[in-house]
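Be aware that the sequence shown starts at 1, since it is given in the working numbering, and climbs by one per residue.
Note that beta-carbon positions come from the ideal geometry of N, C-alpha and C, so glycine has one too.
Reading through the structure tokens given below for one structure.
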Amino acid sequence: MAASLKPTPAILLSRPCSISTGGNYSSRLPLQPSPRPRFPHVQASPATEATPTSRVEHETRDTYNHVASAGVAAAPKTLSRYEPSLWGDYFLDYEPKPLQRSEKWMIARAHKLKEDINMLFESCKCTVERITLLDSVQRLGIDHHFKKQVDIALSQITEDEFSSSSLHHVALRFGLLRKHGLWVSADVFNKFKNEDGSFRKDITNDPKGLLCLYNAAHLLVHGEPSLEEAISFTKHHLELMRDTLKSPLDEQVKRALRVPLPRTLKRVETLHYISEYMHEERHNPTLLELAKLEFNLLQHVHLKELKYLTKWWRDLYTCVGLNYARDRLVEGYLWCYAIYHEKEFAFSRIFLTKQLMLISLMDDTYDARATIEECRQLNATIQRWDERATSLLPDYLKRFYTELLRIFKDATSEVAICDTYHVAYARKAFQDLSAYYLQEAEWLHQNHKPSFKDHLSLSAMSIGSPTICVGLMVGMGDPVTREAFEWAAGYPKVAIACGKIARLMDDIAAFKGGKAKGDMASSIECYMVEHSVTSEVAISKILSLLEDEWRTLNQAHFEHHSHLLVVQRIINFANSMLVFYAGKDAYTFSINLKETVESLFVKPIPM
Numbered sequence: 001m002a003a004s005l006k007p008t009p010a011i012l013l014s015r016p017c018s019i020s021t022g023g024n025y026s027s028r029l030p031l032q033p034s035p036r037p038r039f040p041h042v043q044a045s046p047a048t049e050a051t052p053t054s055r056v057e058h059e060t061r062d063t064y065n066h067v068a069s070a071g072v073a074a075a076p077k078t079l080s081r082y083e084p085s086l087w088g089d090y091f092l093d094y095e096p097k098p099l100q101r102s103e104k105w106m107i108a109r110a111h112k113l114k115e116d117i118n119m120l121f122e123s124c125k126c127t128v129e130r131i132t133l134l135d136s137v138q139r140l141g142i143d144h145h146f147k148k149q150v151d152i153a154l155s156q157i158t159e160d161e162f163s164s165s166s167l168h169h170v171a172l173r174f175g176l177l178r179k180h181g182l183w184v185s186a187d188v189f190n191k192f193k194n195e196d197g198s199f200r201k202d203i204t205n206d207p208k209g210l211l212c213l214y215n216a217a218h219l220l221v222h223g224e225p226s227l228e229e230a231i232s233f234t235k236h237h238l239e240l241m242r243d244t245l246k247s248p249l250d251e252q253v254k255r256a257l258r259v260p261l262p263r264t265l266k267r268v269e270t271l272h273y274i275s276e277y278m279h280e281e282r283h284n285p286t287l288l289e290l291a292k293l294e295f296n297l298l299q300h301v302h303l304k305e306l307k308y309l310t311k312w313w314r315d316l317y318t319c320v321g322l323n324y325a326r327d328r329l330v331e332g333y334l335w336c337y338a339i340y341h342e343k344e345f346a347f348s349r350i351f352l353t354k355q356l357m358l359i360s361l362m363d364d365t366y367d368a369r370a371t372i373e374e375c376r377q378l379n380a381t382i383q384r385w386d387e388r389a390t391s392l393l394p395d396y397l398k399r400f401y402t403e404l405l406r407i408f409k410d411a412t413s414e415v416a417i418c419d420t421y422h423v424a425y426a427r428k429a430f431q432d433l434s435a436y437y438l439q440e441a442e443w444l445h446q447n448h449k450p451s452f453k454d455h456l457s458l459s460a461m462s463i464g465s466p467t468i469c470v471g472l473m474v475g476m477g478d479p480v481t482r483e484a485f486e487w488a489a490g491y492p493k494v495a496i497a498c499g500k501i502a503r504l505m506d507d508i509a510a511f512k513g514g515k516a517k518g519d520m521a522s523s524i525e526c527y528m529v530e531h532s533v534t535s536e537v538a539i540s541k542i543l544s545l546l547e548d549e550w551r552t553l554n555q556a557h558f559e560h561h562s563h564l565l566v567v568q569r570i571i572n573f574a575n576s577m578l579v580f581y582a583g584k585d586a587y588t589f590s591i592n593l594k595e596t597v598e599s600l601f602v603k604p605i606p607m
């Protein structure tokens, strides 16, 4: 392949992000991962079937054929037929049932409860009281109302002497501090070990402590074998006892064994914990009441956003006429909601959803509709970012390109005057993403079979997560600085790790689902061919690589403390992959998200 048609992933990843700050800008939002499914099985010929071969030889040979046949240079693409939207105009017409109390009363009551909780923070006299209160307000989803009090409490927890012999309290303190970018050595758990370094048997009689240690240990960074051992030890004993525990601890253990607490989608876990908190030995009714009020008040805000966005998406989807693309507005909104659900980020959340849907259209166009020449034309016009370039596109893409420019332009006038530079960074990240899509199309067209390393270097970018790491900051206000945009626009390790988690989980889900879309070979197929192993071996290796990327995310808490707010949002996005891609591609096959959507946006919490 000519060099001009196949720049290496390293070249793509090192391209400078040049930002101008004059003229018309627009903003960009996150992309939604597109599926990278397994290719259709190639039937063996009779002669081949007669030749005895091992399972490894047979499966890797077939996979090689899949990879080799993935790019048919001149053949037109067969349009993918995705399932229609599960939700349609549901949220456009949806009128929630009246709550037991008026919104005005709920707001006034919430204000009073916040004052009471402020006093709770002030009345804490020791570390155990502080960590218990902090853990409760965070898990109940109300901590964003007490930012100042949380910071003061964390400072006091860090400075105070702490010599508790309670595994639960030691692990709780460890996890709280690490989540907030405050380093705590894993040596704090040595007091629960024997002289040979193994964990003492007596702590297996403390299921609550074991669960807390299990969750806290998942905040490990690279080079912490003692926390790896803690995970293995606690997991083994929790699995042995999970069917003998009482509620709500039994359900908490079962959920954690599926997804450790630091990797959960916060609002889904909040719903679980609200229903469980009243059964805690020392639960506080004030915290619980505010959590319920807060959830229902925010749900009302989110329903208004969904109504507005459903109308916007219907108009856009009809206007651009790209009927081959996935119709997934509600699922796209859920992705952005996972990053930030708080009321103060309404603009960022709405704008992020708009961009995510545009990227979904672009992704499906590159993957499922456009010829290689049309892919090149689309990327060229996106790099030019000029309405006069519209004439270079085929007719079916002209309206999409026009709407793309308009939405970015509108964002410039909608964002605060002091934040207009946000849009310039976001637009450049969007343009980079288009270039990654084109690179994949070129590889497919030229029948290029990349190594696993090269494949992952590119596909971790084309999944769009690094692009989102820039776009999610648009409109977030004062906490996000120009320096933060410069940092994110350079695609730091935490952004790449998020991309790898998204890509590898997507590939595993798509491979197991066996749904063929006709795009380039997946990371699993590349690994199988390169190392001549079965899919089980390849997936096992990829699961190990995923654990490394989670550690990179954890390490970002300490390496980029000045950008901690952004790091936490990036981690929220990475956590959402466990909802969208845990065993299935729930974005494409959205029936898998129906229950989650209903619980978050349709069903209020009984007061």
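>> Can you determine whether any heavy atom of the ligand MN sits closer than 6 Å to the C-beta of K453, and answer yes or no?
In response: Of the ligands one can find in the structure shown there are none, so the ligand MN has no counterpart to examine.
> Whole-angstrom Cβ separation of N592 and T264, contact assumed at under 8 Å?
Replying inline: No, N592 and T264 are not in contact; Cβ-Cβ is about 17 Å, not under 8 Å.
> If we count Cβ pairs, one from each stretch, closer than 8 Å, do we get three or more for the region 278–289 versus the region 569–586?
Replying inline: no
> Less than 7 Å separating the beta-carbons of A509 and D585?
Replying inline: yes
> If you check the beta carbons only, do I524 and L553 fall under 7 Å apart?
Replying inline: no
> Can you tell me whether T636 is buried or exposed, with buried defined as 16 or more other CB within 10 angstroms of its CB?
Replying inline: Only positions 1 to 607 of the chain appear in this structure, which leaves residue 636 out of reach.
> Within the chosen definition, does the region 246–258 reach the region 220–232 through at least 3 CB pairs nearer than 8 Å?
Replying inline: no
> Thinking C-beta only, is I339 closer than 7 Å to L472?
Replying inline: yes
> What are the partner residues of K193, as DSSP defines its beta bridges?
Replying inline: F199
> How many whole angstroms separate the CB atoms of H237 and L210, which I take to be in contact at a CB cut-off of 8 Å?
Replying inline: 6 Å
> Are the CB atoms of H557 and G181 nearer to each other than 7 Å?
Replying inline: yes
>> Please report the straight-line C-alpha distance between T596 and V188, rounded to a whole angstrom.
In response: 37 Å
> Where does the unbroken alpha helix (DSSP H) through N447 begin, and where does it stop?
Replying inline: Careful: N447 lies outside any alpha helix (DSSP H) and carries neither H nor E.
> Any idea what DSSP makes of P225, helix, strand or coil?
Replying inline: helix
> Rounded C-beta distance between A488 and A497? I'm assuming under 8 Å.
Replying inline: So it is not a contact: roughly 13 Å between Cβ atoms.
> Which residue comes first and which comes last in the alpha helix (DSSP H) that contains S459?
Replying inline: 452–462
>> Just verifying my parser: in three-state terms, what is the DSSP assignment at M473?
In response: coil
>> If you reduce the DSSP assignment to three classes, tell me which class D93 lands in.
In response: helix
>> Between the alpha carbons of T21 and L456, how many angstroms are there, rounded?
In response: Unreliable positioning characterises T21 in this predicted model, as indicated by a pLDDT of 37, which lies under 50. The coordinate reading is nonetheless provided below. Cα to Cα, T21 sits roughly 32 Å from L456.
> Would DSSP call Q568 helix, strand or coil?
Replying inline: helix
> Where does Q100 fall in DSSP's three states?
Replying inline: coil
>> So, under 8 Å CB-CB, T371 and A325 are touching, yes? Tell me the CB distance rounded to an integer number of Å.
In response: Not confirmed; about 16 Å, so no contact.
> Buried or exposed: which applies to P466, given that a residue is buried once 16 or more other Cβ atoms fall within 10 Å of its Cβ?
Replying inline: buried
> Anyone know if the C-beta pair for L438 and C526 falls short of 7 Å?
Replying inline: no
> Do R130 and I152 come within 7 Å of each other at the CB atom, strictly closer than that value?
Replying inline: no
> In terms of alpha-carbon separation, which member of H561, S185, H302, D202 lies closest to A216?
Replying inline: S185
> In whole angstroms, what separates the C-alpha of V42 from that of S540?
Replying inline: In this prediction, V42 has a pLDDT of 27, which is less than 50 and means its spatial position is unreliable; nothing more can be read from the coordinates.
> Relative to the C-alpha of D367, which residue among F430, S434, K398 is closest?
Replying inline: S434
>> So, with DSSP's three-state summary, where would you put S523?
In response: helix
> For the alpha helix (DSSP H) that contains P207, what are its first and last residues?
Replying inline: 207–217
>> Determine whether the beta carbon atoms of W87 and V330 lie at a separation below 7 Å.
In response: yes
>> Tell me the DSSP secondary structure of G499 in three-state form.
In response: helix
> CA-CA distance, K208 and H168?
Replying inline: 6 Å
>> With distance defined between alpha-carbon atoms, name the residue in D196, K125, Q149 nearest to F162.
In response: K125
>> Please report the straight-line C-alpha distance between A416 and E403, rounded to a whole angstrom.
In response: 22 Å
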